[in-house]
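Residue 220 in my numbering is what sits at position 181 of the sequence shown, and the numbering runs on without skipping anything.
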Amino acid sequence: MPAIRIGINPISWSNDDLPSLGGETPLSTALSEGKEIGYEGFELNGKFPKDAKGVADVLRPYDLALVSGWYSSRLARRSVAEEIDAIGSHVELLAKNGAKVLVYGEVADSIQGQRIALVERPRFHTEQAWQAYADKLTELARFTLSQGVRLAYHHHMGAYVESPSDIDKLMALTGSEVGLLFDSGHCYMGGGEPLQVLRKHIERICHVHFKDVRKPVVQLARNNLWSFPDCIINGTFTVPGDGDIDFGALLDVLLTADYHGWLVVEAEQDPAVAPSYVYAKKGFDTLRALLDERTR
Numbered sequence: 040m041p042a043i044r045i046g047i048n049p050i051s052w053s054n055d056d057l058p059s060l061g062g063e064t065p066l067s068t069a070l071s072e073g074k075e076i077g078y079e080g081f082e083l084n085g086k087f088p089k090d091a092k093g094v095a096d097v098l099r100p101y102d103l104a105l106v107s108g109w110y111s112s113r114l115a116r117r118s119v120a121e122e123i124d125a126i127g128s129h130v131e132l133l134a135k136n137g138a139k140v141l142v143y144g145e146v147a148d149s150i151q152g153q154r155i156a157l158v159e160r161p162r163f164h165t166e167q168a169w170q171a172y173a174d175k176l177t178e179l180a181r182f183t184l185s186q187g188v189r190l191a192y193h194h195h196m197g198a199y200v201e202s203p204s205d206i207d208k209l210m211a212l213t214g215s216e217v218g219l220l221f222d223s224g225h226c227y228m229g230g231g232e233p234l235q236v237l238r239k240h241i242e243r244i245c246h247v248h249f250k251d252v253r254k255p256v257v258q259l260a261r262n263n264l265w266s267f268p269d270c271i272i273n274g275t276f277t278v279p280g281d282g283d284i285d286f287g288a289l290l291d292v293l294l295t296a297d298y299h300g301w302l303v304v305e306a307e308q309d310p311a312v313a314p315s316y317v318y319a320k321k322g323f324d325t326l327r328a329l330l331d332e333r334t335r
C-alpha cells in the first residue's frame, strides 16, 4: 500500500449544500467515473447510505476505499457529552469501513451554506471562549481516537476557524489528539499562503484536501463581499492543475515530512459549467504526475 493515496470527494458530481448543482446525478455515476479515472477511494456525501454495511455494499462493486466523511459538529454550542452522543454512529461507520480520519466541520453559527457575506462569519472574541472551545475539542478528539479514528479539523470559509491566525490559535490551544485537515483552497481563500501554513502545521496535519483557486476570482469575492455559495457559483474553486496554486511545492513538504494518508481532490463547482468527469480527471492526472515525478 503506498504511503500517499489519491482520493476524491463526490462534490465534483453533486453538492450537498447546493442541491441544484448535480442533484440529479446518481452516486453510481460518481463512483464508476472516479474508478475509471484512477481514484482509489471516495469521501462520503449525502447520497451514501448512513450505516456502515450500506457504505461497504455501495463501494465494494467498484473496489473503492472509504477515505473519510464530513461530520457537521455543533460543539461550539454543545457539551462534549452531547457531541459524543451525536458523533458516535458516524465514527463507527468510518472505523468499520477502514477510514482512519474523520473530517470535522464546525457548523455551529456557520454561514457557509447561506447567502451572507463571508465577513459576517462567527468568531471567538475572547481568550476564554477560545480556550473553552479548544478544551472541548481535545476531549472529543480523545474519544474518536479511542475508537480508532483521528479527528481532522477542517478550517472552513464562513466558520469559526477560517483564517491562518484562527488555525494558529486552534493548534496552539488544543492537544495533539486534534489533527488538522489542510485544505489548500480554503487556506488561500481565508487569507493564507498555503505553503507557509502547510509548513507551519505539518506535524498536526493528518488529512489533505487539494483544492485549487482562481486568484482573480478570489479577488472579486473579497472585493464584492461574496458569500460562500457565491464563491462556488462564480468559479472561485477548481481542481488541481486548473488554477493558480503550486501543488508541486505542497507535495514536496508532505513528502519530506513522510506524510502517510490521502490526497483528496475536492472542488466546489457547478458540474454544468465544469463537467464532472473532465475536471475530476484533470485533478487526478495533475496529482498523479506530480507524485510520480517525486517518488520514482
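Positions of the beta carbon are idealized from the N, C-alpha and C atoms, including for glycine.
Tell me the rounded alpha-carbon separation between K139 and R154.
34 angstroms
Excluding the 5 residues flanking H193 on each side, which residues of the same chain have their C-beta closer than 7 angstroms to its C-beta?
V142, Y143, G144, L220 and D222
Residues near G231 in its chain [Cβ-Cβ closer than 8 angstroms; skip 5 each side]
S202, P203 and I206
Beta strand (DSSP E) segments (min. 3 residues) lying fully within the segment 133 to 185
140 to 145
Ordered along the chain, which non-local residues of its own chain (more than five positions away) have a Cβ less than 6 angstroms from that of M210?
H240 and R243
Inter-residue CB distance, L329 and F286 (contact presumed, cutoff 8 angstroms):
6 angstroms
Helix, strand or coil: how does DSSP classify R44 here?
strand
Decide if L176 is buried, meaning its Cβ has at least 16 other Cβ atoms within 10 Å, or exposed.
buried
Classification of K254 by the beta-carbon crowding that lies within 10 angstroms, buried from 16 upward:
Per the 10 Å Cβ criterion, exposed.
So, E82 versus N48, is the Cβ gap smaller than 9 angstroms?
In this structure, N48 lies closer than 9 angstroms to E82 by Cβ.
Hey, quick one: how far does the beta strand (DSSP E) through D222 stretch, first residue to last?
From DSSP, the beta strand (DSSP E) with D222 extends over G218 to D222.
With DSSP run on the structure shown, which of helix, strand or coil describes D205?
helix
With burial defined as no fewer than 16 other Cβ atoms inside 10 Å of the residue's Cβ, what is the status of V107: buried or exposed?
Reading off the sequence, residue 107 comes out as Ser, not Val. Looking at its Cβ environment, which holds 16 or more other Cβ atoms inside 10 Å, S107 is buried.
Residues bridged to V304 by DSSP?
Beta-bridge pairing by DSSP links V304 to I47 and F249.
Quick one: Cα of T325 to Cα of G73, how far?
15 angstroms
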